[in-house]
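Scroll down for the structure; my scribbles are underneath it.
Written out as structure tokens, the structure reads:
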């Protein structure tokens, strides 16, 4: 049977369906009991001496998207990401990457798939101390049996992109922690993978260096447009780098959405508590605050004409500054067309209350 499933016309790169990972000798029996008896994680441990690492996860990731998976320690986020390239074997479920059924790959096919399709960046830099920076970056190409001249040329090109071109002949111990992590990122990019897996890549770094590397990663993402799974326990980091965020708890995905979706419309009390500390000012956008034009459109032609205008993606922080300077409502545009209105009351309500959790 072919391991490739047609995905023509779709921009979905990764499709995870009904994935479970249960650790222990009785994993299959425990899974059946969970489905039949709705056992909790604690009950599974007590009854079957099995640990639920990932529970019935379903998600999809689009081409070029930075998809953040986050949660507290033990939530299952790092366990989940190791299923994408089968560093861990799921107890059940399906994993499709670029239409390839990863679970159907034999050992040689899986090795080739990992070498060609997926790059991975770990929290631990994992650089080889006896190799130069250039040769560390070139290692994935060496595994592919690319000639030494060609792989070093490609590695040098990637080092230039991560702004370490002058450090190619140095060794890892001669670089700072932040520089070493950039080498790790360059190594993952050297083989030009379709998918990049990043497991808490910046969490071991000092806050200032961490923020600088977040900025660097955002810059690289805009250039290279790699489909990226980014694991983090830091909500601020997820908001900064992610296009969408999945929040995990006890092995389950409890909510998926943009930062704005999750902050404004938390799925439950757990998510609401999780995002309570995040500032709405740079997360919430005009389209989430605006009201229909209504009476302004019907009877306030002159008012609309003279009102300040913002794009529907403008941040709440900008709306606050505008509201301080002008008395009139703010008109929201989409492609040059007036689509909504924001009053000072709307802004104040959003800052103070947010959106009610049902």
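Residue numbers (this note's numbering): 1241 to 1598. Positions of the beta carbon are idealized from the N, C-alpha and C atoms, including for glycine. Treat the numbers as computed from the prediction; the structure is a model and nothing was measured.
DSSP three-state assignment for residue i, whether helix, strand or coil
i, result
"residue 1353", "helix"
"residue 1310", "strand"
"residue 1374", "helix"
"residue 1440", "coil"
"residue 1414", "helix"
"residue 1573", "strand"
"residue 1317", "helix"
"residue 1341", "strand"
Residue i, buried or exposed, once every other Cβ within 10 Å from all chains shown has been counted against 16
i, result
"residue 1312", "exposed"
"residue 1383", "exposed"
"residue 1586", "buried"
"residue 1236", "This structure leaves residue 1236 out entirely; the chain is present only between 1241 and 1598."
"residue 1463", "exposed"
"residue 1495", "buried"
"residue 1327", "exposed"
"residue 1368", "exposed"
"residue 1422", "buried"
"residue 1316", "buried"
"residue 1478", "buried"
Minimum Cβ-Cβ distance from residue i to chain C less than 8 Å
i, result
"residue 1461", "This model lacks chain C altogether, as it is built from one protein chain only."
Endpoints, the alpha helix (DSSP H) within which residue i is located
i, result
"residue 1276", "1267–1277"
"residue 1504", "1499–1504"
"residue 1531", "Neither: residue 1531 is in no alpha helix (DSSP H) and is coded neither H nor E."
"residue 1472", "It is not in any alpha helix (DSSP H) - residue 1472 instead sits in the beta strand (DSSP E) that spans 1467–1472."
"residue 1461", "1447–1464"
Residues of its chain near residue i, where Cβ-Cβ distance is below 7 Å and the 5 sequence neighbours each way are ignored
i, result
"residue 1290", "1262, 1263, 1264, 1266, 1267, 1270, 1284"
"residue 1458", "1481"
Which residues DSSP lists as bridging residue i, in chain order
i, result
"residue 1396", "DSSP output for residue 1396 lists no bridge partner at all."
"residue 1361", "1438"
"residue 1300", "1255"
Own chain residues within Cβ distance below 8 Å of residue i, not counting five before or after
i, result
"residue 1251", "1302, 1303"
"residue 1568", "1543, 1546, 1547, 1548"
"residue 1551", "1526, 1572, 1573, 1574"
Range of the contiguous beta strand (DSSP E) that encloses residue i
i, result
"residue 1334", "1332–1337"
"residue 1486", "1484–1489"
"residue 1479", "Not the beta strand (DSSP E): residue 1479 falls in the alpha helix (DSSP H), residues 1475–1481."
Sequence-distant residues of its chain with Cβ nearer than 6 Å to residue i (five each side left out)
i, result
"residue 1281", "1292, 1490"
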